[in-house]
Ligand SMILES: [Mg+2]
Ligand SMILES: [Zn+2]
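Okay, structure coming up:
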């Protein structure tokens, strides 16, 4: 049986990491990423984006811009026959920023709030889902939600070998990019979760 869902970090995993990406025209797909999403779509696996967007809290761009960026990303993916089933973002920051956005929230990764919300909305069994990202906080969020986790060496993941502790290496499989992550996910089939938060 295929996995119940694949959660994807956005910046550095699907699209090139631009610090505080704020405009649709800055969106650039990472090579192979759209085809990887399309392969999950073809198997009927829901693909859900979960992204920290503290640029909103920091006042760098308005919250509406996040939706515009995601609409543009969906348009680029559609050109490759690929689609995202849900977008979840965290606009908050605990210590930086302005107004209501400056809160200790339950959704900013490494907290699992966005994954838990998507699981409720889309009826996802998290123990048979995966989280893929380019930062250790992505793996921590996935593990905290009960998912299996993969780190990619694109985006911030280019620096992973220097920065991962031994415990962090045990948290997630490490692969070159999203295409390789999808290879691993589809090859793993339905075997039970083995990762744990450490
Ligand atoms: Mg990222
Ligand atoms: Zn949040």
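Residue numbers (the working numbering): 91 to 288.
Built from N, CA and C at the ideal position, the CB exists for glycine as well.
Per the Cβ contact rule, the stretch 156–166 is not in contact with the stretch 205–216 (fewer than 3 Cβ pairs under 8 Å). A direct Cα-to-Cα measurement between residue 257 and residue 146 gives close to 32 Å. If you check the CB distance, residue 225 and residue 203 do not come in under 9 Å. Contact annotation: residue 98 and residue 135 have beta-carbon atoms that are not nearer than 9 Å. Just so you know, the alpha carbons of residue 102 and residue 94 end up roughly 23 Å apart.
Excluding sequence positions up to five before and after residue 156, its CB lies within less than 6 Å of the CB of 143 and 179, all in the same chain and listed in chain order. In this structure residue 187 is buried. Its beta-carbon is surrounded by 16 or more other beta-carbon atoms within 10 angstroms. By the beta-carbon neighbour count (other beta carbons within 10 angstroms, threshold 16), residue 91 is exposed.
Within the stretch 213–276, the complete beta strand (DSSP E) runs of at least 3 residues fall at 219–223, 238–242 and 263–265.
For secondary structure counted as the alpha helix (DSSP H) over 4 or more consecutive residues, the stretch 118–180 holds these complete runs in sequence order: 123–132 and 154–168. If you check the C-beta of residue 181 against ligand 2, you find a heavy atom less than 8 Å away. Check the Cα spacing between residue 120 and each of 255, 249, 243 and 238: the tightest is with 243. One thing to note: residue 262 has its Cβ within 9 Å of the Cβ of residue 232. Of the candidates 276, 113, 112 and 122, 122 places its Cα closest to the Cα of residue 170. Closer than 8 Å to some heavy atom of ligand 2: that describes the Cβ of residue 203.
The beta carbon of residue 151 sits closer than 6 Å to the beta carbons of 112 and 145 from its chain, once the five residues preceding and following it are set aside; these are given in chain order. Between residue 228 and residue 200, the C-beta gap is smaller than 9 Å, which places the two residues in contact. In the structure shown, residue 207 adopts helical secondary structure according to DSSP, grouped into three states. Excluding its 5 nearest sequence neighbours in each direction, residue 193 has C-beta neighbours in its own chain below 6 Å: 182, listed in chain order.
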